[in-house]
Structure formats: structure tokens, C-alpha cells
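Asker: Take a look at this one; I'll ask things after.
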């Protein structure tokens, strides 16, 4: 999986489709079955996919039926006038490139500027933005494996997209118990038609996925295909005994996400954990997002900073995901540039930044600018994280009154999940 330069959301295509204008050789053989098997083999070799119903479904699922059209970007990243081509399976000249897009493992762009999806003409688009996509396959497969799908289960798929999750659930569980909901009517119409082309008849509805669909529940499995600041109470209420719900939790920053795993025991008790993860779904519609602009990144790279501190205190490792998740929630408004060779973190809200590089044997040079002491914030959380035995995840307490808190079992490190992420400038919470 390929991270974005600043964060770890999967917000765009990966692999061959990430490079503007990439095409397969004109004489390449167009063979969807071979491409499908190769995709599954890659997922197996990476350890994402094992034997079972998800693998069986992916081997049987012709993605060109679910996504007979997809966009590829033709302009370079950062161009002020982005350009895309809409490829179409019915156009022989598009098939080779479309196969690469559909089975390459990256995100598949399926909607431009909230357009109707059914009945579109192939060809060029410019300006605007992509408003719906099918998630990176490795992320989708890992979450579907985590759900442990079985025949006869009732499944709620929140965020229909291209219908991939719904199709796998129909194949694994039987379509009579599958419900998929999406806010966008055009997305719902297209997914319903194409799932029907595969012979599946799940309930496909348009609406606010955070409210679920009470009439079809309770559900044995719930998967939310976009990130939110907290777990919606309505979805918890619709979880059946021995049921499981998966949802990525995020702040306004895309850099350090968590995965909420919520279960209801046989006697009705809710238990939950918040795992620190490397990659996550993109944020849901309307969520506040912060990022490092090109101008801000140029400042961080070129400016000398207000001061440089030389220290023996090492920054936490990239693999210390539990630490970074806590930092994101305890001190908001930070974004990391994962494309930088050194540790680079900025606070877009106030213009503060810090960069950390090795400076001799077991020494580091910390250069900083702006009103926030980001390095001090890092070490405040690091001390608390070490005292809590360096957890990689946290107990998630979902109170009946609506409060949600992440905490270590010893209680030394905890925070409250916000109802709505904000562009704050940090400060302990």
C-alpha cells in the first residue's frame, strides 16, 4: 500500500494508475480471469488474504462488471487544472488499461463531481474532483477478513462505493441479509444495477450511513468504508449479539488513524478497542481536514527555523503506532510529511513546524519554528505512553450517554473522542 505524502489515508489511486498517463503495451493480452487471479495471489503473498470465503469471493468477482468505467488521471500531481480520462470496458481500446486499473490493487476512481454514473460517455474530464472511489484492495480485503463473514449472516455495508464490499458479502453470506447504504443517490443507483448484473439482490438504499438502517437489523457484521471522529451510536445500537463492527476513527489530521473494533457479546454487552493502524479509509463527507500545503512544506524545507536543539532523546519510532495515535488525539492539528527523509511535522493552523534529523551517534538535531512546542508535545505523550507499557491499541469505552473514551487499562493514557474534528492549534486534552 502506498501512503500519501502527508498522511496515511487512502485518498487516491496507487500503483500504475498513480502515474499520469501510464498505459499498458498495446499488444498486451486482455484477460480478466488472469488479472483477477494475479490480484488474489498478490494479496495472499502479502499476508493480507488467506483461505476462506473472502478469497473465494474475490476469485469469483469480475470487477469489470462492478466497475465497467473508471477514471485515470492524465495530469501531473499538483497541476492547477487536473485532467482525467474515463475509460470504458465497452471500448476495446480502453480494456487493457482498464484491467490494470481494476486489478492493480490501487483505488479505483468511479465518480467525478457527484455526476450520475449510469449512462456516462467515455472521454476526458477536467477541473473538479473525484467524489467516489473503490478503496485500495489490500485495505478492503484485510477488513473483510477481520469481519469473519459466514453464510446466513446479516451484513450492513456503510458506504457503498462501487459495491465491492457488498458483492463479497453477498457471495459469502447470501444476498438476502445484505444491506448497503450510501449518501449519494447516483452511487446507489449504479451499484444496485451492477450488483444485479452479477445476480445479487441485496437491499441498496440511499441515506445517511451513520444512521444505519434499523429496519434491516440487527446486523451480525457492520463495515463502514469511510473514517469518522467516533463510532455512531446508531450503528452500535443495530449490532446483533455476537456481532462485530469495524470503523476507522480519525481526527482532522490524516496522519495517524485508528481502527475501532466493536463487538456485542452474546448477553448484549458492548466491548470495543481502538487499534493504531498504518492506513485507513478516507474521511467521510463533510469532515474537517487539514493538510500541509506546498508553500508550507517549502518553508519547512528551506527556512532555518527559530532555534535548533541538539538532544540525546530519540524521536519515537515510525512503528510506534500506538504512540502516534495518542499524540494525534491529545495534541490536535498536527500533520506529518511521510514523504520527507527526516521526521517533519507541521501544524497548519498556526504555522508551527518541527523537523528532526540524526546528528552524530545517538544524537538528534531538532529544528523548530512557530508558537507551538511540537517537540515538547511529542515527549510529553511519549513519557505517558512509555509509562502505560507502550500500547499499540486502547480500550474504547462507549458510554450509553454518548461519551466515547480511549484508555489504557492502567488509565495512565486516555482521551475523549470528539464529536467533530476541529482545526485546533493543539494543547493537552
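Residue numbers (the numbering used here): 97 to 525.
Built from N, CA and C at the ideal position, the CB exists for glycine as well.
Per DSSP, residue 454 is paired with what?
Answerer: According to DSSP, residue 454 bridges with 460.
Asker: Should residue 313 and residue 291 be called a contact, given that it needs their Cβ atoms to be closer than 8 Å?
Answerer: Result no, Cβ atoms of residue 313 and residue 291 do not sit closer than 8 Å.
Asker: Quick test of the definition: if touching needs 3 or more C-beta pairs under 8 Å, does the segment 272–280 touch the segment 291–302?
Answerer: Yes, they touch.
Asker: Can you check DSSP and say which residues form a bridge with residue 315?
Answerer: DSSP output for residue 315 lists 335 as bridge partner(s).
Asker: Pick from 308, 150, 490 and 232: whose alpha carbon is nearest that of residue 506?
Answerer: Checked all of 308, 150, 490 and 232; the closest Cα to residue 506 is 490.
Asker: What are the boundary residues of the alpha helix (DSSP H) that residue 604 is part of?
Answerer: No answer is possible for residue 604: the residues shown for the chain start at 97 and end at 525.
Asker: Please report the straight-line C-alpha distance between residue 512 and residue 327, rounded to a whole angstrom.
Answerer: If you take the alpha carbons of residue 512 and residue 327, they lie about 12 Å apart.
Asker: Taking all protein chains shown into account, decide if residue 209 is buried (16 or more other Cβ within 10 angstroms of its Cβ) or exposed.
Answerer: It is exposed - the Cβ of residue 209 has fewer than 16 other Cβ atoms within 10 Å.
Asker: Given this structure, state the Cα-to-Cα distance separating residue 479 from residue 407, to the nearest angstrom.
Answerer: Answer to the nearest angstrom: the Cα atoms are 16 Å apart.
Asker: Residue 356 bridges to which residues according to DSSP?
Answerer: Beta-bridge pairing links residue 356 to 343 and 370.
Asker: Should residue 299 be flagged as near chain C, meaning a C-beta pair shorter than 8 Å?
Answerer: Absent from the structure is chain C; it holds one protein chain and no more.
Asker: At what residues does the beta strand (DSSP E) containing residue 179 begin and finish?
Answerer: It spans 179–184 - the beta strand (DSSP E) in which residue 179 sits, taken as one unbroken run.
Asker: Go to residue 68, then tell me how far its alpha helix (DSSP H) extends in each direction, as first and last residue.
Answerer: Past the edges of the chain, shown from 97 to 525, lies residue 68, and the structure says nothing about it.
Asker: Grouping DSSP H, G and I as helix and E and B as strand, with all else coil, what is residue 422?
Answerer: In the structure shown, residue 422 sits in a helix (DSSP, three-state: H, G or I).
Asker: Going by Cα to Cα distance, which pick from 451, 431, 437 and 454 is closest to residue 443?
Answerer: Of 451, 431, 437 and 454, the residue nearest in Cα terms is 431.
Asker: Here's the rule I'm using: 16 or more other beta-carbon atoms within 10 Å means buried, otherwise exposed. How should residue 159 be labelled?
Answerer: It is buried - the Cβ of residue 159 has at least 16 other Cβ atoms within 10 Å.
Asker: Return the first residue and the last residue of the beta strand (DSSP E) that residue 249 is part of.
Answerer: No beta strand (DSSP E) contains residue 249, which DSSP labels as neither H nor E.
Asker: How far does the beta strand (DSSP E) with residue 405 in it extend, from its first residue to its last?
Answerer: It spans 403–407 - the beta strand (DSSP E) in which residue 405 sits, taken as one unbroken run.
Asker: With a CB to CB cut of under 6 Å and the five nearest residues on each side skipped, what residues in its chain are close to residue 473?
Answerer: Closer than 6 Å at the Cβ level, and outside the excluded window around residue 473, lie 427.
Asker: Under 7 Å Cβ to Cβ from residue 135, same chain only, skipping five residues before and after it: list those, please.
Answerer: Excluding sequence neighbours, residue 135 sits near 199, 201 and 233.
Asker: Indicate the three-state DSSP secondary structure (helix, strand or coil) for residue 516 in the structure shown.
Answerer: It is coil, neither helix nor strand.
Asker: Scan the segment 266–317 and note each continuous beta strand (DSSP E) run of 3 residues or more that stays entirely inside, going in chain order.
Answerer: Segments of the beta strand (DSSP E) lying fully in the segment 266–317: 274–278 and 299–302.
Asker: Would you identify the three-state DSSP class for residue 386, choosing helix, strand or coil?
Answerer: Residue state, collapsed to three classes: coil.
Asker: Taking the alpha carbon of residue 228 as the point to measure from, which residue in 240, 242, 211 and 344 has its own alpha carbon closest?
Answerer: Out of 240, 242, 211 and 344, 211 has the C-alpha closest to the C-alpha of residue 228.
Asker: Am I right that residue 347 and residue 285 are in contact with their C-beta atoms under 8 Å? What's the rounded C-beta distance?
Answerer: At roughly 33 Å, the Cβ-Cβ gap does not stay under 8 Å, so residue 347 and residue 285 are not in contact.
Asker: Per DSSP, which residues does residue 323 bridge with? Please list them.
Answerer: According to DSSP, residue 323 bridges with 379.
Asker: Need the endpoints of the beta strand (DSSP E) that residue 227 sits in, please.
Answerer: Its beta strand (DSSP E) spans residues 226–230.
Asker: Determine the DSSP secondary structure at residue 394, reduced to helix, strand or coil.
Answerer: The answer is helix: DSSP assigns residue 394 an H, G or I state.
Asker: Over the uninterrupted beta strand (DSSP E) stretch that includes residue 443, give me the two end residues.
Answerer: Residues 439–443.
Asker: Quick one: residues in its chain with C-beta nearer than 7 Å to the C-beta of residue 439, no 5 flanking neighbours on either side, listed in chain order?
Answerer: Closer than 7 Å at the Cβ level, and outside the excluded window around residue 439, lie 411, 451 and 452.
Asker: So, with DSSP's three-state summary, where would you put residue 207?
Answerer: In the structure shown, residue 207 sits in a strand (DSSP, three-state: E or B).
Asker: Could you tell me if the beta carbon of residue 299 falls within a distance shorter than 7 Å of some heavy atom in the ligand FMN?
Answerer: Among the components modelled here there is no ligand, and therefore nothing to report on the ligand FMN.
Asker: Taking Cβ positions, are residue 197 and residue 183 nearer each other than 8 Å?
Answerer: Against a cut-off of 8 Å, the Cβ pair of residue 183 and residue 197 comes out as a contact.
Asker: Please report the residue range of the alpha helix (DSSP H) in which residue 192 lies.
Answerer: Where residue 192 is concerned, the enclosing alpha helix (DSSP H) stretches over 191–199.
Asker: Pick out whichever of 345, 353, 383 and 339 has its Cα sitting closest to the Cα of residue 365.
Answerer: Among 345, 353, 383 and 339, the Cα nearest to that of residue 365 is on 339.
Asker: If we call anything under 8 Å between Cβ atoms a contact, is residue 324 one with residue 257?
Answerer: Cβ distance not < 8 Å, so residue 324 and residue 257 don't count as in contact.
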